[in-house]
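Peer 1: Chains as they are written, first to last, in the working numbering: chain G, 1 to 258; chain D, 259 to 516. The beta carbon of each residue, even a glycine, is placed where N, CA and C say it ideally should be. Here the structure is a predicted model, which means the values were calculated and not measured. Below is the structure I would like to discuss, written out as structure tokens.
There are 2 protein chains.
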Amino acid sequence: MNSQAKRLNKILEHLRKNTASSVKRLSEELNVSHMTIRRDLELLEKQNIVETFHGGVMLRFAGLAGKNNDYSLLQAATSMAEEKIGIGEAAAKLLKSEDIIVIDSGSTTEYLARALPRALPLTVICYALNILMDVTKRENCDIIFAGGQYHTNTLMFESPEGIQLIKRTRASKAFVSASGISDRLGVTCSNRYEGSTKQAVMETSMQKVLLADSTKFDRVRSTCFADLKDFDILITDEGIPPEYREYCGKEGIELIVV
Amino acid sequence: MNSQAKRLNKILEHLRKNTASSVKRLSEELNVSHMTIRRDLELLEKQNIVETFHGGVMLRFAGLAGKNNDYSLLQAATSMAEEKIGIGEAAAKLLKSEDIIVIDSGSTTEYLARALPRALPLTVICYALNILMDVTKRENCDIIFAGGQYHTNTLMFESPEGIQLIKRTRASKAFVSASGISDRLGVTCSNRYEGSTKQAVMETSMQKVLLADSTKFDRVRSTCFADLKDFDILITDEGIPPEYREYCGKEGIELIVV
DNA sequence: CAATATATGTTATAATTATAACATCGCTAT
DNA sequence: ATAGCGATGTTATAATTATAACATATATTG
């Protein structure tokens with residue numbers, strides 16, 4: 001790891017502790033010139049990790065900057081950011097007043113959490129820290145959080161009791177993310193605990209919406225939690241392969257491309 | 259409520275959503291001059307509610323500024339702040355490596371969450387947003403969160419499943435807060451849901467530590483969840499009435515006064 | 001090892017924010 | 001009503017931060 005990467009990690013560490021900081025403080029803390037800090041922050045800002053303003057910086061993705069994530073992981077989490085913003089906004093447009101929605105864990109779903117229309121009264125069910133942090137900032141919003149053991153790499157909480165809580169709850173719409181989508185091998189994620197929770201969500205929601213950027217197609221991960229055709233709506237970006245467009249048409253899945 | 263109080267609430271509301279902001283943004287948002295904002299922020303800073311720096315402001319007690327708390331409530335939450343800091347630090351001194359601890363909801367316990375020694379590997383069980391936010395910033399720390407319905411005024415999550423999760427978990431030490439303490443009428447809190455959760459915690463922890471500033475003595479709230487003598491340790495400040503000192507001696511409760 | 005590229009530091013200047021003193025507005029009490 | 005007072009707005013000046021261009025140091029590559 002080069003010195004810049006080290007510094008970027010130190011900056012993020014500092015921000016995780018303090019949420020916000022100033023260029024001055026950072027340059028003093030890290031013993032580098034203010035220009036170096038500025039250039040570092042510029043990088044971090046381009047990747048949507050921090051937000052700068054005259055006099056300071058603040059963490060944007062408080063959640064995603066989980067304590068064990070180093071800079072490279074953060075990069076991954078912020079890749080395809082533009083596409084994900086579009087997907088989140090498109091998902092938010094589906095919402096109606098009094099909807100009871102599940103927001104799954106993941107970085108794509110976080111953009112939905114941010115795009116939730118402030119005016120609509122909603123009930124939100126979730127189980128990931130980044131989602132929770134966005135939702136608790138909202139008003140007009142009942143929150144149900146399924147707790148459990150905290151997983152720092154996915155920012156997700158999981159437990160039998162959490163799954164139980166989801167199972168006795170009913171949602172009008174579930175917004176689910178995935179790490180891999182294959183017509184033949186189904187919709188997959190990377191961890192067993194994610195799979196169990198997602199399955200519970202699929203069981204208890206009226207409408208199931210899959211949120212995934214186009215890099216997820218024709219990719220598999222270890223844990224399959226649903227068939228693609230189990231979903232009612234698929235929201236993705238222009239990069240979706242033609243054969244998946246066809247598949248959606250054939251299976252009656254509403255396709256929303258942003 | 260006069261116009262200044264209204265504005266202070268609006269500022270806090272804005273900060274709750276954005277964590278940090280700038281004088282410029284606030285003055286534009288609220289249509290007042292930057293001087294007015296500055297004077298408002300000066301007030302809020304004096305009360306330890308926000309922290310200002312060149313170019314901006316940020317919330318200090320992110321958790322405590324729950325969205326439904328108005329300005330007057332915030333004041334209450336930050337009262338006895340010095341005593342509470344001491345109590346939190348004293349509680350942190352009790353911790354040993356590999357301890358499994360419960361941190362109850364409340365403002366006093368938040369100071370413990372902040373004072374957790376960074377070096378010690380710990381498992382933390384909690385169910386309140388302000389505690390969670392502090393604990394997730396830490397490393398060397400397994401987190402178990404008991405979820406449920408979110409209560410904005412106490413920042414606490416509660417559900418049968420959450421209680422179930424607590425009940426099947428064992429802790430070496432529980433750090434519990436209270437709204438009222440009476441030798442005759444027991445230890446009380448304000449809400450039924452708080453009581454059920456606290457009771458579950460009392461049942462499943464080896465050592466029970468009560469954290470309360472001295473304003474809580476000889477005060478009762480609606481929901482009783484324990485007798486004072488059920489606790490092994492009581493941490494409070496110098497203001498503790500003499501009769502409670504005696505009571506602790508008689509009942510074998512270790513008293514720590516900060 | 002030289003040559004090049006990249007990262008960091010320095011400086012001067014521009015832009016923004018902070019402070020302080022004073023002016024004005026609007027409420028309250030008589 | 002109006003005098004008085006507190007709250008808010010205005011302005012000029014000081015302090016701080018941002019930007020850009022250039023200089024220097026450090027790392028990389030053939």
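1. Would a check of beta-carbon distances place I144 (chain G) closer than 8 Å to chain D?
2. Quick one: list the residues of chain G neighbouring A377 (chain D), beta-carbon separation under 9 Å, in chain order.
3. Measuring only between beta-carbons, confirm whether Q149 (chain G) sits less than 8 Å from chain D.
4. Among D:I269, D:L273 and D:D357, whose alpha-carbon lies nearest the alpha-carbon of M58 (chain G)?
5. Counting only beta-carbon atoms, is S290 (chain G) nearer than 8 Å to chain D?
6. Could you work out which residues of chain D lie near R16 (chain G), taking near to mean beta carbons separated by less than 8 Å?
7. Have a look at Y451 (chain D) and P375 (chain D) and give me their C-alpha separation to the nearest angstrom.
8. Alpha carbon to alpha carbon, what distance is there between T109 (chain G) and R60 (chain G)?
9. Quick check on the DSSP output: the alpha helix (DSSP H) that includes Y502 (chain D) runs from which residue to which?
10. So, for G55 (chain G): in the same chain, excluding its five sequence neighbours on each side, which residues have a beta-carbon less than 8 Å away from its beta-carbon?
11. Just checking my contact of I424 (chain D) with A458 (chain D) at CB under 8 Å: how many whole Å lie between their CB atoms?
12. Tell me, please, whether the region 398-418 of chain D touches the region 430-439 of chain D by the rule of three or more beta-carbon pairs shorter than 8 Å.
13. Is it buried or exposed, R39 (chain G), if we count other Cβ atoms within 10 angstroms and call 16 or more buried?
14. For L322 (chain D) and T215 (chain G), I'd like the C-alpha separation in whole angstroms.
15. Taking the runs of the alpha helix (DSSP H) that are 4 residues or longer, which of them lie wholly in the region 332-410 of chain D?
16. Does DSSP put T19 (chain G) in a helix, in a strand, or in coil?
17. Judging by CA-CA distance, which residue of G:Y247, G:R25, G:T223 and G:G239 is the nearest neighbour of F231 (chain G)?
18. Would you mind giving the Cβ-Cβ distance between F225 (chain G) and G195 (chain G), rounded to the nearest angstrom? I have them listed as a contact below 8 Å.
19. Report the rounded CA-to-CA distance for I101 (chain G) versus A386 (chain D), giving the unit in angstroms.
20. Per DSSP, what are the beta-bridge partners of I256 (chain G) in this structure?
21. Note down the Cα distance separating S190 (chain G) from T223 (chain G), rounded to an integer number of angstroms.
22. To the nearest angstrom, report how far apart D213 (chain G) and L44 (chain G) are at their CA atoms.
23. Quick check: what's the CA-CA separation for I163 (chain G) versus A146 (chain G)?
24. Is I514 (chain D) near I491 (chain D), with beta carbons less than 8 Å apart?
25. Closest by CA to Q465 (chain D), which one among D:E271, D:E286 and D:I511?
26. DSSP three-state label for Q457 (chain D), please.
27. Under 8 Å Cβ-Cβ, which residues of chain G neighbour E300 (chain D)?
28. In chain order, what residues of the same chain have a beta carbon less than 8 Å from the beta carbon of F433 (chain D), not counting five sequence neighbours either side?
29. Between which residues of its own chain and A278 (chain D) is the CB-CB distance below 8 Å, once the five residues before and five after are set aside?
30. Could you check which residue in D:A373, D:R477, D:R265 and D:L284 has the C-alpha nearest to that of D441 (chain D)?
31. Between D237 (chain G) and E83 (chain G), is the Cβ-Cβ spacing less than 8 Å?
32. Exposed or buried, N140 (chain G), counting other C-beta atoms within 10 Å across all chains shown (16 or more means buried)?
33. Find out if the Cβ-Cβ distance for the pair T427 (chain D), I383 (chain D) is shorter than 8 Å.
34. Kindly indicate if chain D contains any beta-carbon less than 8 Å away from that of E161 (chain G).
35. Skipping 5 residues on each side, what residues in its chain have a beta carbon closer than 6 Å to that of V400 (chain D)?
36. Flag this pair as yes or no: are the beta carbons of S285 (chain D) and I295 (chain D) separated by less than 8 Å?
Peer 2: By the coordinates alone:
1. yes
2. In chain order: nothing, as chain G lies at least about 15 Å away.
3. yes
4. D:L273
5. There is simply no residue 290 (chain G) to check, as chain G begins at 1 and stops at 258 in what is shown.
6. Within 8 Å Cβ-Cβ: K395.
7. A direct Cα-Cα distance of roughly 30 Å separates Y451 (chain D) from P375 (chain D).
8. 15 Å
9. P500 to E509
10. S22 and V23
11. Taking 8 Å as the upper bound for CB-CB distance, I424 (chain D) and A458 (chain D) are in contact here, some 4 Å apart.
12. Result no; under three Cβ-Cβ pairs closer than 8 Å.
13. exposed
14. Its pLDDT being 44, under 50, L322 (chain D) is placed unreliably in this model, and the coordinates cannot settle the point.
15. 339-351, 365-373 and 387-393
16. coil
17. Cα-wise, what sits closest to F231 (chain G) is G:Y247.
18. 4 Å
19. 22 Å
20. G:I235
21. 6 Å
22. Each residue's Cα considered, the two are about 22 Å apart.
23. 7 Å
24. Contact: yes.
25. That would be D:I511, whose Cα lies nearest to the Cα of Q465 (chain D).
26. helix
27. Simply none; closest approach about 17 Å.
28. A349, I359, V360, I361, D362, T367, L370, V467 and L469
29. Result list for A278 (chain D): G314, V315, M316 and L317, in chain order.
30. D:R477
31. yes
32. Exposed, since its Cβ has fewer than 16 Cβ neighbours within 10 Å.
33. yes
34. yes
35. It should be noted that the sequence gives Asp, not Val, for residue 400 (chain D). So the qualifying residues of the chain are T381.
36. Yes, Cβ-Cβ distance for S285 (chain D) and I295 (chain D) is below 8 Å.
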